[in-house]
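Following: one structure in structure tokens, then a few remarks.
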């Protein structure tokens, strides 16, 4: 068999992140102050975020932003990650398509999230911050942030969405092993948490609620900043190391993807692999289909609306331009906890609006079927989130077979599922279900949103 | 910072395994037929093991055995693995020692065990075998075997030691996701299991008992072979890819280990990293200290006796020459399930007897303290088994500091602990304990053994 993996050396770790905003013909709309509806200035964001990160967040001119040496050194913990030709999956599907995946699951916490937690902790530390707060869904971001916080000597409190706190206790333990404090969200420790517990006593939480709690705690704690694992521009920026490496590796393989796929929650792993490839589409008109795979139970890109909305459930954040289901949308308790978010980041939302990318929504059972097939064919148990990308890639590969036309598919394996095995147990026992979202539910939520935002 | 990782390409995956027996001045004693006490012939082993594996087991002449192309192709799933300079750990210990570790935890099942499960499944398949049985402790071997069996189209039944079956349910799920059947051992499905349940109703199992059950099922199933994850010569052989890669990588780093450390259960990861280095000690007299780190609660190398014993609890296997505590030794329920085995493989036992290596025993609390320090310093949560190697490496690094003398330490990180987080929870909560083995207990067990073997 030809080579399975395309391996880079440490010297090939990118030296700069790629800032797609600099190249976008239509820039994303600015974040707004909810009260004045005026575009936010950097100063407005300084209380909540480290200055170095705010500068990256608002940078619309520099296409390349240098990666600090201390960050690049930490990337060497596990980067560069392999690009893998999925011969086993191709064979199992009997498809003429060539399938590649970028294996971000090899990071020591099992996902791509470290790519951004490290620079976020670095800039906080550099500016003399001592404490940070954050939220986490399935726990991938929380584990990554806990590792980075420990390395840079920051105290960390993590609000973990309650349904995942119970579904995935090992991720809680990993955060604690790295020295972080973990609180199930909604909690009684914040006003945001108490309010929602009072209104909905059995609410199992969502990323939107956990963000509210983390933001509230950050605002009330001295010398403390808030850090976020997705949605924001600077997070997308940090993640571009994925796609920049993948570009070199596809060159080693002698192919270029016809279609590029990643799962979609707030957009971090999607942007990370997609933006470097999209720059050639934007700048040179190079053909590539870019597909975000989102859960059918949380379909903001496929069925949401493009408009200003809050990033969190309680309305603490600025108003962001996004494809959204409304910040009050309560996603079903699917196991892909990292995808249970009502909105999409501003950059991705603009790219989608401008037709530079597309989206598909996938039901839970299809993702687990794809996950088990992938595990048996490639030997890697994928995270439930990443399984959305796998399912979308399988759809493409089956289409290629149907049409008898080869094509090159690249998807991002954003994480492994070794700590999500309770979900696999339920799937194998036939105890998992799909979740339908009705048009009426979406319309009702968006109507409510309009009243709140106005 | 200088390079952290030393990365090889796929072409650097070894093309042959290293058979240390060919180079040993004193060969290991032969396995014996328990009834006749005569040395076993190949034919005696054919009913239980694939012929290709039996040939390797008994080969005392060829120092190099070619790795079949199909096996090498599968190794490309994750090999070569990185060698890492543990700058973080060095800094945390403020030691003049240079510490390196070979990171076998990057395999898709999280440990080194795939190195042998793949060739074992390959030879079974090649000889027309359809079903295989095996045992597993913490589940690392079972997961690796399940992946390999699925790839080569074999049906697999795994007896998993009961204490681990309950402590580590995710590993059970991983095996099931790969399509294997998993049974908690001791079970009612075999005579060996029924006997021990009858005698000790609450017995939580051991590797020795699980081996008995797996062997019994293999003997009663048509076209079925038994496969083993440690102890036997051919398993050690397969694992030498670890040390062969590490040799090249230490060369890249421009250093040679003064001391080489691995944890010790039956000997598979230890032999894998140690044998290639020991060949220079045997053949060229090159200085190196080689240290096996075993649990204080199962101290066969440090406190056991060198003599013939059964490999399993019920006495189904041939008699093997080994350092042993007696096959009836019931190890305490430590979380390092993979190290809960009464004996050591024949080759390692001979090397120990000949003074070519040494051993240390380490208590559970020291291993978890080392594990948390390592996790926080290097970002990788280690398996409880591997933490024995880390603890031993830390002792060496602290000794170097005390003496003010630098030295180069290499240890094998045989696996990650992301699925062992319940153990970390208990440790962080102060709920774990040490386990003492009294001299009287060892003496009583060995006296009993002498009666049985005679």
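Chains as they are written, first to last, in this note's numbering: chain A, 8 to 461; chain B, 8 to 461. Every residue gets a Cβ at the ideal spot worked out from N, C-alpha and C, and that includes glycine. All figures in this text were calculated on a predicted structure; none of them were measured in a lab.
Member of the options whose CA lies at the smallest distance from the CA of residue i
i                     : options                    : result
residue 345 (chain A) : A:90, A:424, A:311         : A:424
residue 124 (chain B) : B:143, B:148, B:112        : B:148
residue 413 (chain A) : A:266, A:44, A:15          : A:266
residue 54 (chain B)  : B:241, B:230, B:196        : B:230
residue 343 (chain A) : A:361, A:158, A:154, A:442 : A:442
residue 98 (chain B)  : B:375, B:438, B:405, B:32  : B:405
residue 379 (chain A) : B:181, B:160, B:450        : B:181
residue 446 (chain B) : B:165, B:89, B:309         : B:309
residue 104 (chain A) : A:438, A:415, A:436, A:456 : A:415
Three-state class that DSSP yields for residue i in the structure shown
i                     : result
residue 442 (chain B) : coil
residue 11 (chain B)  : coil
residue 28 (chain B)  : helix
residue 461 (chain A) : coil
residue 293 (chain B) : coil
residue 232 (chain A) : strand
residue 280 (chain B) : helix
residue 138 (chain B) : strand
residue 188 (chain A) : strand
residue 40 (chain A)  : coil
residue 361 (chain B) : coil
residue 195 (chain B) : coil
residue 349 (chain B) : coil
residue 406 (chain B) : helix
Endpoints, the alpha helix (DSSP H) within which residue i is located
i                     : result
residue 150 (chain B) : 147-159
residue 80 (chain A)  : 76-82
residue 309 (chain A) : 307-310
residue 372 (chain B) : 371-385
residue 216 (chain A) : 214-227
residue 269 (chain A) : First-last for residue 269 (chain A): 266-270, but that is the beta strand (DSSP E), not the alpha helix (DSSP H).
residue 73 (chain B)  : Taken as a continuous stretch (DSSP letters only), residue 73 (chain B) belongs to no alpha helix (DSSP H), being part of the beta strand (DSSP E) at 71-73.
residue 164 (chain B) : Where residue 164 (chain B) is concerned, there is no enclosing alpha helix (DSSP H), although the beta strand (DSSP E) it sits in stretches over 162-168.
Cβ pair residue i, residue j closer than 7 Å
i                     : j                     : result
residue 341 (chain A) : residue 371 (chain A) : yes
residue 271 (chain B) : residue 303 (chain B) : no
residue 419 (chain A) : residue 269 (chain A) : yes
residue 70 (chain B)  : residue 26 (chain B)  : yes
residue 192 (chain B) : residue 243 (chain B) : no
residue 274 (chain B) : residue 355 (chain B) : yes
residue 78 (chain A)  : residue 139 (chain A) : no
residue 114 (chain A) : residue 85 (chain A)  : yes
residue 301 (chain A) : residue 361 (chain A) : no
residue 87 (chain B)  : residue 20 (chain B)  : yes
residue 393 (chain B) : residue 421 (chain B) : yes
residue 153 (chain B) : residue 185 (chain B) : yes
residue 179 (chain A) : residue 189 (chain A) : yes
residue 145 (chain B) : residue 175 (chain B) : yes
residue 324 (chain B) : residue 317 (chain B) : yes
residue 336 (chain B) : residue 240 (chain B) : no
residue 444 (chain A) : residue 364 (chain A) : no
residue 385 (chain B) : residue 93 (chain B)  : yes
Element boundaries [beta strand (DSSP E), containing residue i]
i                     : result
residue 125 (chain A) : Looking at the DSSP string, residue 125 (chain A) is not in any beta strand (DSSP E); the run it does join, the alpha helix (DSSP H), is 121-133.
residue 107 (chain B) : 105-110
residue 240 (chain B) : Where residue 240 (chain B) is concerned, there is no enclosing beta strand (DSSP E), although the alpha helix (DSSP H) it sits in stretches over 240-246.
Chain-ordered neighbours of residue i on chain B, where CB pairs are closer than 8 Å
i                     : result
residue 113 (chain A) : 113
residue 17 (chain A)  : 10, 11, 12, 14
residue 379 (chain A) : 184
Neighbouring residues, chain B, relative to residue i (Cβ below 7 Å)
i                     : result
residue 185 (chain A) : 382, 383
residue 388 (chain A) : 181, 184
Beta-carbon neighbours of residue i, restricted to chain A and to distances below 7 Å
i                     : result
residue 157 (chain B) : 383
residue 432 (chain B) : 180
residue 132 (chain B) : Those within 7 Å of residue 132 (chain B) in chain A number zero; the least Cβ separation is about 16 Å.
residue 117 (chain B) : 425
Contacts of residue i in chain A (Cβ-Cβ under 9 Å)
i                     : result
residue 426 (chain B) : 177, 425, 426, 428
Check: residue i C-beta below 6 Å from any heavy atom of the ligand GTP
i                     : result
residue 255 (chain B) : Absent from the structure shown: the ligand GTP. Ligands present: none.
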